[in-house]
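Trainee:
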Amino acid sequence: MPYTPNKPQPPETPEQLRARIPGWGVDLDPKDRPSVPRERFDPGATGAHWEFPERQPETVPRERSVEHQFLTPVFGTSAPLKWCSGRIRRMAYRLGEDRAARWLILLGADRVDAWENHLASFITLRPDNPVTQTGVTSEFNHHGVSSRVGQQRADVRHHWMDPIIVAGPWVVGAGAAIALGLKAAARFRNR
Amino acid sequence: MRAMVYRGPYKIRVEDKQMPSIEHSNDAIIRVTKAAVCGSDLHLYHGMMPDTRVGMTFGHEFVGVVHEVGASVRSLKPGDRVMVPANIYCGSCFYCARGLYSNCHNVNANATAAGALYGYSHTVGGYDGGQAEYVRVPFADVGPSVIPEWLDDEDALMMTDALATGYFGAQLGEITEGDTVVVFGAGPVGLFAAKSAWFMGAGRVIVIDHLNYRLEKARTFAHAETYNFVEIDDIVVHLKRATDYFGADVAIDAVGAEADGNVIQHVTAAKLKLQGGSPVALNWAIDSVRKGGVISVMGAYGPIYSAIKFGDAMNKGLTLRMNQAPMKRQWPRLLEHIKAGYLKPNEIVTHRFPLEDIAEAYHVFSAKLDGCIKPVIIVGDQ
Ligand SMILES: [Zn+2]
Ligand SMILES: [Zn+2]
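Top to bottom, those sequences are chains S and C.
Position 119 of the first sequence, counting from 1, maps to 118 under numbering that gives the first Met the number 0, and the rest follow consecutively.
Position 164 of the second sequence, counting from 1, maps to 163 under numbering that gives the first Met the number 0, and the rest follow consecutively.
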């Protein structure tokens, strides 16, 4: 009890624990653990043979945080800024990392990025396919129903939202396109 | 080459992508043999991490064979079988020189608030990841290690993140002999953290989740006592009762941004993206440890605010410790433990998918179908 001075004894003795659990107590000494102490000054331990790394060439202009003094010597080149989402992201990169706006603008740009790429994919030989790309086909060969029903899972309560998040914008987009098409056709007929 | 590519929230596909090239003299190109999907990849997949760009290849857990090395690489040569830590780091900056590899200052141009990881959005540097046939690995003399002959590829794969992170999480808990440790989340990191807590002399290890098949794994693999929070009215009160009204000495958050258990928190964070993460597990951790206890946060959260019960943490005098794990710092000791037979890391692997079926792998893992705990992607031959 916390109402008296002593800490409660664990239900099993160290001997019992050692017998039951492989490796019990092998890292018992709090000082002899790989991440202790937290900071251990040992620049030679990493394998780096430089004090400041050689700089990776910047072949396309690379955005960077305003909290960096200069472009880091090494950086990723996965998906350079482009199109409308690129412009929005560039705006976000003018703000400090303390600003919520910076991150929210980036999240907004992510949604724009997805949409411009969905649209662009329709003029390629490989348009986006919400069925294969979401992997929902696995619902049929990986026990979609029995994995959820009667399992007391907390997440099942909001799984119904996922198809709306994924398919909702497509349905709304298709609906809007059809409505616009009908309107244009009607106008054409009324001429 | 074939590579997994992000197409927007909940959508990925495999496409032909340009081969990565040496962009810096200390780069290596690795031909990936096996990759894993991580719980934190799901945050990207669900569109929660700011600056996740269409076209990026995910994957910060992979092993493979060295294909090509840059001019200044000394420690690796083509043909070496290597494991690559999830962190990208230079080895020489202020932080790396002090062992804080996950906080390297020379690799993430996009933000100073985070280090860099493979395939994990531009917020952590904009590097393509290893769920692909080939991947660029910067600082080849610093990050990757040759996999010992006796170590299986899948065990090595677990070392690149999940195992190293779980083990690190237990260390940050500052466990002393006889402590009661409660781990929130029975996913790969939680299972490894629970297992590791015993190495550090825990007297009692309790694991909390809502997926019964994962709790079963926590009992068999991690020898833990388990509770399903869905079956319990108030898990915090329950933990107090179960610990003589003390609370645990140490709590480990191995859940992160998409925690369930509170619908408002989950929906505002995971669905509406109005929080950096749903801190349900973290708040339970804060409330269920004893005063003066330690919280170790291994779950990933985004860079915006999350509704955390800070007042309770302050009034209870808690120590909150957290970081992305510096993977490679854990490796020598973990190799000893594996060799001694104290654990077999790939016992948590439940599913194996070929790269071409990776969209299904993400869905099965995300929707927790089929008893999925850890899916491995088979990319190429050894
Ligand atoms: Zn991971
Ligand atoms: Zn560094």
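All C-beta atoms in this analysis are idealised placements derived from N, C-alpha and C, irrespective of residue type, glycine included.
Can Q55/S and E176/C be called in contact, C-beta distance under 8 Å?
Mentor: The answer is no: Cβ separation not under 8 Å.
Trainee: For the alpha helix (DSSP H) containing V7/C, list its first residue and its last residue.
Mentor: Note on identity: in this sequence residue 7/C is Gly, with Val being the wrong assignment. G7/C -> not in any alpha helix (DSSP H); beta strand (DSSP E) instead, spanning R1 to G7.
Trainee: In this structure, what does DSSP give as the bridge partners for H350/C?
Mentor: P374/C.
Trainee: Applying the 10 Å Cβ sphere with the 16-neighbour rule, what's the burial state of K10/C?
Mentor: Buried is the call here.
Trainee: Compare the Cα-Cα distances from A2/C to each of T56/C, L43/C and A35/C and report the closest residue.
Mentor: Of the candidates T56/C, L43/C and A35/C, the one whose C-alpha sits nearest the C-alpha of A2/C is T56/C.
Trainee: I need the straight-line Cα distance from K315/C to Y2/S, nearest angstrom please.
Mentor: Taking the straight line joining both Cα atoms gives about 16 Å.
Trainee: Does ligand 1 have a heavy atom nearer than 7 Å to the CB of A161/C?
Mentor: The answer is yes for A161/C.
Trainee: Is it the case that the segment 27-39 of chain S contacts the segment 63-81 of chain C, given that we only count it when at least three CB pairs across the two stretches are under 8 Å?
Mentor: The segment 63-81 of chain C vs the segment 27-39 of chain S: no contact.
Trainee: What's the call for T196/S, buried or exposed, on a 16-neighbour Cβ count within 10 Å?
Mentor: This structure gives no information on residue 196/S, because the portion of chain S shown stretches from 0 to 190.
Trainee: Using beta carbons (cut-off 8 Å, strictly below), is L317/C in contact with chain S?
Mentor: So no, L317/C is outside the interface.
Trainee: Could you tell me whether any Cβ in chain S is nearer than 8 Å to the Cβ of D311/C?
Mentor: Cβ-Cβ to chain S under 8 Å: no for D311/C.
Trainee: Mapping the DSSP letters down to three states, classify G168/C as helix, strand or coil.
Mentor: G168/C: helix per DSSP, three-state reduction.
Trainee: What is the DSSP secondary structure of Y44/C, counted as helix, strand or coil?
Mentor: Helix.
Trainee: Run the Cβ filter for me: residues under 5 Å from any heavy atom of ligand 2, listed in the order they occur in the chain.
Mentor: Here the residues come out as Y88/C, C89/C, C92/C, C95/C, C103/C and N105/C.
Trainee: Applying the 10 Å Cβ sphere with the 16-neighbour rule, what's the burial state of N105/C?
Mentor: By the neighbour-count rule (16 or more Cβ atoms within 10 Å), N105/C is buried.
Trainee: Between M47/C and the rest of its own chain, which residues show a CB-CB distance below 7 Å, the 5 nearest in sequence each way excluded?
Mentor: So the qualifying residues of the chain are A256, A269, K272 and G301.
Trainee: Tell me, which residues are paired with R97/C by DSSP?
Mentor: According to DSSP, which records beta bridges pairwise, R97/C is partnered with nothing at all.
Trainee: When every heavy atom of ligand 1 is checked, does at least one fall within less than 7 Å of the C-beta of C37/C?
Mentor: The answer is yes for C37/C.
Trainee: Quick check on this structure: which residue in Y133/C, G168/C, H265/C and I285/C has the alpha carbon closest to the alpha carbon of R30/C?
Mentor: It is Y133/C whose Cα lies nearest to the Cα of R30/C.
Trainee: Comparing the CB of H42/C with every heavy atom of ligand 1, is any distance shorter than 7 Å?
Mentor: No - ligand 1 has no heavy atom lying nearer than 7 Å to the Cβ of H42/C.
Trainee: Pop quiz: A27/C and E60/C are said to be a contact at Cβ under 8 Å. What is the actual Cβ separation, rounded to whole angstroms?
Mentor: In fact, because the Cβ distance is near 17 Å, the residues do not count as touching under 8 Å.
Trainee: Can you tell me whether K290/C is buried or exposed, with buried defined as 16 or more other CB within 10 angstroms of its CB?
Mentor: Exposed, since its Cβ has fewer than 16 Cβ neighbours within 10 Å.
Trainee: Please state whether DSSP places S120/S in a helix, a strand or coil.
Mentor: Residue state, collapsed to three classes: helix.
Trainee: Spatial neighbours of P187/C within its chain, please: CB distance less than 6 Å, with the 5 preceding and 5 following residues excluded, ordered by chain position.
Mentor: Once the five neighbours on either side are set aside, the close Cβ partners of P187/C are A161, I347 and K373.
Trainee: Please confirm if the segment 76-86 of chain C is in contact with the segment 136-152 of chain C, defined as three or more CB-CB distances below 8 Å between the two stretches.
Mentor: Result yes; three or more Cβ-Cβ pairs closer than 8 Å.
Trainee: Could you work out which residues of chain S lie near M55/C, taking near to mean beta carbons separated by less than 8 Å?
Mentor: Going along chain S in sequence order, the residues near M55/C (Cβ under 8 Å) are S77 and A78.
Trainee: At a cut-off of 7 Å, is E230/C close to ligand 1 when judged by its beta-carbon and the heavy atoms of the ligand?
Mentor: E230/C Cβ: outside cutoff for every heavy atom of ligand 1.
Trainee: Report the residues of the segment 84-112 of chain C with a CB closer than 7 Å to any CB of chain S, ordered along the chain.
Mentor: Listed in sequence order: C89, G90, S91, C95, A96, R97, G98, L99, N105, V106, N107, A108, N109, A110, T111 and A112.
Trainee: Here's the rule: buried if 16 or more other CB atoms are within 10 angstroms of the residue's CB, otherwise exposed. What is M313/C?
Mentor: M313/C comes out exposed.
Trainee: Determine, using beta-carbon pairs with one atom in the segment 163-175 of chain C and one in the segment 189-200 of chain C, whether at least three such pairs fall under 8 Å.
Mentor: Yes, since at least three Cβ pairs between the segment 163-175 of chain C and the segment 189-200 of chain C fall closer than 8 Å, the two stretches touch.
Trainee: At a CB distance below 8 Å, what residues from the segment 162-190 of chain S approach chain C? Give them in sequence order.
Mentor: Against chain C - using a Cβ distance shorter than 8 Å - the residues of the segment 162-190 of chain S are I164 and V165.
Trainee: Could you spell out where the beta strand (DSSP E) holding S295/C opens and where it closes?
Mentor: Residues V288 to V296.
Trainee: Could you round the C-beta distance between L41/C and S305/C to whole angstroms and report it? I think they count as a contact, below 8 Å.
Mentor: No, L41/C and S305/C are not in contact; Cβ-Cβ is about 17 Å, not under 8 Å.
Trainee: Counting only beta-carbon separations shorter than 8 Å, does D79/C have a partner in chain S?
Mentor: False, the Cβ-Cβ gap to chain S never drops below 8 Å.
Trainee: Determine which residues of the segment 9-29 of chain C have a Cβ less than 8 Å from any Cβ of chain D, and write them out in chain order.
Mentor: Absent from the structure is chain D; the protein chains it does hold are S and C.
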